[in-house]
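Report on the structure given below.
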Amino acid sequence: MKKIHLLIIFVFANTFCFSQKPSTADFISDLEYFKNTLPQKHTNLFKKISKTEFENSVDKIALKAKQLNYETFAAELFKLIVSIGDEHTRIEPPYTKILPIKFEIYKEGIFAIGVDSNALGLLPAKLIAINNHPIEEIIRRCKTVIQNKNNSYFEVYLLYFLNNPSFLKGINVIEDVDSASFTLLSKDNQLTTINLRSVPKGSIQSLPLLLAFKNTVANKQKDFYWYEYNAETKAIYFNYNTCRMMENLSFDKFNQTLFATIDSYKPERIIVDLRENSGGNSGILQPFIDSIKNSYLDKKGKLFVLIGKKTFSSALMNAVTLKRNTNAILVGEPTSGNINHYGEVRGFPLPRTGIIVGYSTKYWENWKGKIGPLIPDKKVIYSINDLNNNIDPATSMIYKDK
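All residue numbers for the sequence shown refer to this note's numbering, where the first residue is 1 and numbers rise by one.
Structure below.
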C-alpha cells in the first residue's frame, strides 16, 4: 500500500471572507465545535495531552473570548495545538495578506533574502527588529505558538510566519495587518528601517528574491524531479523537489532515463537532494529506491542524500527508507519531520471563523525505537558567506570528500 501524506490544501480556505468581523459568540461557538470535533477525528489526540487538559485549555480561551480579535483568537489556537504535540496537527487560518519580504536562517542570524524592489539594494540584510520589537523577543513569543522541541520544525515555521501580518498581530508584534517596519543590518553594516505595506498573499511569488545559492546546481530547474551529469565532478545530481507526479513525465519514465544515463556515463557518485521536499506521496520514489539498491552506486562514498529543515512528511519517509535499505550517506541538517510521527492529514473548517483544523488520521512508525528527527551523517552549517559567494556547502562537502 502506498504511503500518502496529504498537505492541508483547501481551496475554500483561500477564498473564504467575512461579511463582518467575527464576534465573541462566533469565537465561543467555534471553540465548542473544535473541542467536540477534533477528538472524534484525530487518531490519538490524547497521546501527549489528557482529555481534561485539552478541554480545560479550550474553556480558558472561551473565558477570555471578549478580549480577542480574529488574530489573537488564532494565536490562542496555535498555543493549544502546541500542547497537543503532533507535528501534522495544525491550524490554517485563511490568510489573505503577506508582507513583501522573505527570510532565511544562517549561522549568523536571520537574513532578508527577498524584499520589495525599493529596498533590494540592502540584501542580504540581517533582521534586527520588527516594529521595534527585537528579533530575540519575537522568537520567544513564537515559541509559545509554534512547536519547538524539534528546532528544524520551529525554524521552518518561524520563517513562514515572519512576513505574515495577521500572525504578527496575533502575537502582538504589530497593531495593523496593513503594514510593518523591519529594522535591518545591511550588507555594508548600516542599520536601516524599512516600512512595508501588505500585499495580496500570492504576490510573494513575484518578489525580486536574492535566492540562496542561485547559481548552484540546486536552483537550475523547478521541476518536481530532474537530474544532470557533471563530467568535471563525475557525479549525477538528482533533485527531488516534491513527492508528486509530473503531468508530462511519469516518474517511471524519468527513472528509466536517469539509470540509462548512469549506465552510459558510469558516474562515481550520485547525490539525491531532498532539502526542499516537504512531502506528498512517498510511493512515487519507489522505482528509484528499487533501482539504486541494484546499482553499483549503492556503496559507501557513492550514494549521498541531502536532507534539511524542509525535509518533511513523505520526503522524510523516503530519506529514512534510503538510510535503512541502502548505503546512503545523509548530508545536511536535521529534518523538520520526526522519524516516527502522526500523519495522513485530513481537515475540517471551524464554521464561524473559517479557520481550517488539520488533524492526523494515522501513526507512521518508520523506524522502530527512533525518537526525534532524522539526523545527517555529515552535518552542514549554512553561512551567509556561502550565499554571498554562491556556494552550496552541502554539495561542496561531498565533492571534497573523495
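Glycine is no exception: its CB is placed at the ideal position from the N, C-alpha and C atoms.
Measuring straight from C-alpha to C-alpha, what distance separates Ile271 and Ser383?
Numbered from 1 along the sequence shown, position 271 holds the residue referred to as residue 271. Numbered from 1 along the sequence shown, position 383 holds the residue referred to as residue 383. Roughly 21 Å separates the two Cα atoms.
Whole angstroms are fine: how far does the CA of Asn340 sit from the CA of Leu68?
Position 68 of the sequence shown, counted from the first residue, corresponds to residue 68. Position 340 of the sequence shown, counted from the first residue, corresponds to residue 340. Taking the straight line from one Cα to the other gives about 36 Å.
So, under 8 Å CB-CB, Ala125 and Ala112 are touching, yes? Tell me the CB distance rounded to an integer number of Å.
Here the question's residue 125 lines up with position 125 in the sequence shown. Here the question's residue 112 lines up with position 112 in the sequence shown. Right, the Cβ-Cβ distance comes to about 5 Å (below 8 Å), so this counts as a contact.
Can you list, in chain order, the residues of its chain with a C-beta nearer than 8 Å to that of Pro39? Leave out the 5 residues immediately preceding and following it.
Residue 39 sits at position 39 when you count from the first residue of the sequence shown. Within the same chain, Pro39 has close Cβ partners Leu45, Phe46, Lys51, Phe54.
Pick from Asn56, Ser360, Lys323 that is closest to Arg346, judged by C-alpha positions
Within the sequence shown, residue 346 is the residue found at index 346, counting from 1. It is Ser360 whose Cα lies nearest to the Cα of Arg346.
Counting only the same chain and skipping the five closest in sequence on each side, list residues whose C-beta sits under 8 Å from that of Ser396.
Within the sequence shown, numbered from 1, the residue matching residue 396 stands at position 396. Cβ within range, chain order: n/a, list empty.
Grouping DSSP H, G and I as helix and E and B as strand, with all else coil, what is Thr233?
Position 233 of the sequence shown, counted from the start, is the residue given in the question as residue 233. The DSSP-derived three-state label of Thr233 is coil.
Using alpha carbons as the reference points, say which of Tyr237, Arg352, Ile171, Arg244 lies closest to Ile138.
Taking the first residue of the sequence shown as 1, we reach residue 138 at position 138. Cα-wise, what sits closest to Ile138 is Ile171.
Look up Ser181 in the DSSP assignment and say whether it is helix, strand or coil.
Here the question's residue 181 lines up with position 181 in the sequence shown. In the structure shown, Ser181 sits in a strand (DSSP, three-state: E or B).
Locate the beta strand (DSSP E) running through Arg197, then write down its first and last residues.
Walking along the sequence shown from the start, residue 197 turns up at place 197. Going by DSSP, Arg197 is part of the beta strand (DSSP E) stretching over 191-197.
Output yes or no for whether 7 Å exceeds the beta carbon distance between Ser282 and Met317.
By 1-based counting over the sequence shown, the position of residue 282 is 282. By 1-based counting over the sequence shown, the position of residue 317 is 317. Contact annotation: Ser282 and Met317 have beta-carbon atoms nearer than 7 Å.
What does His133 pair with, by DSSP beta-bridge criteria?
On the sequence shown, residue 133 is found 133 positions in, with the first residue counted as 1. Bridge partners of His133 according to DSSP: Ile130.
Tell me, please, whether the segment 165-182 touches the segment 348-367 by the rule of three or more beta-carbon pairs shorter than 8 Å.
In short, these stretches do not touch, since the Cβ pair count stays below three.
Meets three-Cβ-pair contact criterion under 8 Å: the segment 59-68 and the segment 92-102
With a cut-off of 8 Å, the segment 92-102 and the segment 59-68 do not count as touching, because too few Cβ pairs lie within range.
Extent of the continuous beta strand (DSSP E) run through Glu344:
Taking the first residue of the sequence shown as 1, we reach residue 344 at position 344. First-last of the beta strand (DSSP E) with Glu344: 341-349.
In whole angstroms, what is the alpha-carbon distance linking Ile371 and Asn148?
Locating residue 371 in the sequence shown gives position 371, where the first residue counts as 1. Locating residue 148 in the sequence shown gives position 148, where the first residue counts as 1. In this structure, the CA atom of Ile371 is about 15 Å from the CA atom of Asn148.
Decide if Glu136 is buried, meaning its Cβ has at least 16 other Cβ atoms within 10 Å, or exposed.
In the sequence shown, residue 136 corresponds to position 136, counting from 1. A residue is called buried when at least 16 other Cβ atoms come within 10 angstroms of its Cβ; Glu136 does not meet this threshold and is exposed.
When we look at the beta-carbon of Arg197 and count the other beta-carbons within 10 Å, is it buried (16 or more) or exposed?
Here residue 197 refers to the residue found at position 197 when the sequence shown is read from its first residue. Residue environment for Arg197: exposed (fewer than 16 other C-beta atoms within 10 angstroms of its C-beta).
Got a sec? Which residues, its chain only, sit under 7 Å from Gly35 by beta carbon, not counting five neighbours each side?
The count along the sequence shown starts at 1 and reaches residue 35 at position 35. What sits at residue 35 in the sequence shown is Lys, not Gly. Result list for Lys35: Glu55, Val58, in chain order.
For Glu71 and Ile28, I'd like the C-alpha separation in whole angstroms.
If you number the sequence shown from 1, residue 71 lands on position 71. If you number the sequence shown from 1, residue 28 lands on position 28. Separation of Glu71 and Ile28 (C-alpha to C-alpha, rounded to the nearest whole angstrom) is 15 Å.
Within the same chain, show all residues whose beta-carbon is closer than 6 Å to that of Tyr363, passing over the 5 residues directly before and after it, in chain order.
As a working note, residue 363 is residue 363 in the sequence shown. Spatial neighbours of Tyr363 in its own chain (CB-CB distance under 6 Å, excluding positions within 5 residues in sequence) are listed in chain order as Tyr342.
Alpha helix (DSSP H) segment containing Ile262, residue limits
Residue 262 sits at position 262 when you count from the first residue of the sequence shown. 251-265 is the span of the alpha helix (DSSP H), which, as asked, contains Ile262.
Pull up the distance between the alpha-carbon of Lys323 and that of Pro393, whole angstroms please.
As a working mapping, residue 323 is identified with position 323 in the sequence shown. As a working mapping, residue 393 is identified with position 393 in the sequence shown. Rounded to the nearest angstrom, the two C-alpha atoms are 21 Å apart.
In angstroms, rounded to a whole number, what distance separates the CA positions of Val42 and Ala75?
Translated into the one-based positions of the sequence shown, residue 42 becomes position 42. Translated into the one-based positions of the sequence shown, residue 75 becomes position 75. Checking the displayed sequence, the identity of residue 42 turns out to be His instead of Val. Our two residues, His42 and Ala75, have alpha carbons roughly 21 Å apart in a direct line.
Can you give me the C-alpha to C-alpha distance between Ser250 and Tyr237, rounded to a whole angstrom?
The sequence position of residue 250 within the sequence shown is 250, counting from 1. The sequence position of residue 237 within the sequence shown is 237, counting from 1. Those two C-alpha atoms are separated by around 19 Å.
Based on Cα-Cα distance, which residue from Leu274, Lys299, Asn277 lies nearest to Glu268?
Here residue 268 is taken as the residue at index 268 of the sequence shown, counted from 1. Comparing Cα positions, the closest option is Lys299.
Hey, Glu87 and Gly308 are a contact pair by Cβ (cut 8 Å); roughly how many whole angstroms apart?
As a first step, residue 87 is located in the sequence shown; it is residue number 87 there, counting from the start. As a first step, residue 308 is located in the sequence shown; it is residue number 308 there, counting from the start. Not a contact, Cβ separation roughly 16 Å.
Between the alpha carbons of Thr326 and Glu92, how many angstroms are there, rounded?
To locate residue 326, count along the sequence shown from 1; it is residue 326. To locate residue 92, count along the sequence shown from 1; it is residue 92. Going by C-alpha positions, Thr326 is about 37 Å away from Glu92.
According to DSSP, simplified to helix, strand and coil, what is Ala62?
Numbered from 1 along the sequence shown, position 62 holds the residue referred to as residue 62. In the three-state scheme derived from DSSP, where H, G and I count as helix and E and B as strand, Ala62 is classed as helix.
I'd like the ranges of any alpha helix (DSSP H) spanning at least 4 consecutive residues and lying wholly in the segment 25-76.
Runs of the alpha helix (DSSP H) inside the segment 25-76: 51-63.
Should Ser83 be labelled buried (16 or more other beta-carbon atoms within 10 Å of its own) or exposed?
Position 83 of the sequence shown, counting from 1, holds the residue named residue 83. Classification of Ser83: exposed, given that the 10 Å Cβ count is below 16.
Which residues mark the beginning and the end of the beta strand (DSSP E) in which Ile289 is found?
For the purposes of this step, residue 289 is taken as the residue at position 289 of the sequence shown. The continuous stretches of beta strand (DSSP E) do not include Ile289, which lies in the alpha helix (DSSP H) extending over residues 286-293.
Whether Asn131 touches Ser181 by CB criterion (7 Å):
Numbered from its first residue, the sequence shown carries residue 131 at position 131. Numbered from its first residue, the sequence shown carries residue 181 at position 181. In contact: Asn131 and Ser181 (Cβ atoms closer than 7 Å).
Alpha carbon of Phe224 to alpha carbon of Thr24, nearest angstrom:
For this step, residue 224 is matched to residue 224 along the sequence shown. For this step, residue 24 is matched to residue 24 along the sequence shown. The alpha-carbon atoms of Phe224 and Thr24 are separated by roughly 44 Å.
On a Cα-Cα basis, can you pick out the residue from Phe73, Asn255, Arg141 that is closest to Leu162?
Here residue 162 refers to the residue found at position 162 when the sequence shown is read from its first residue. Checking every option, the nearest Cα to that of Leu162 belongs to Arg141.
Among residues of its own chain, excluding the 5 on either side of Leu77, which ones have a beta-carbon nearer than 6 Å to its beta-carbon?
Start at 1 with the first residue of the sequence shown, and residue 77 comes out as number 77. Ile91, listed in sequence order.
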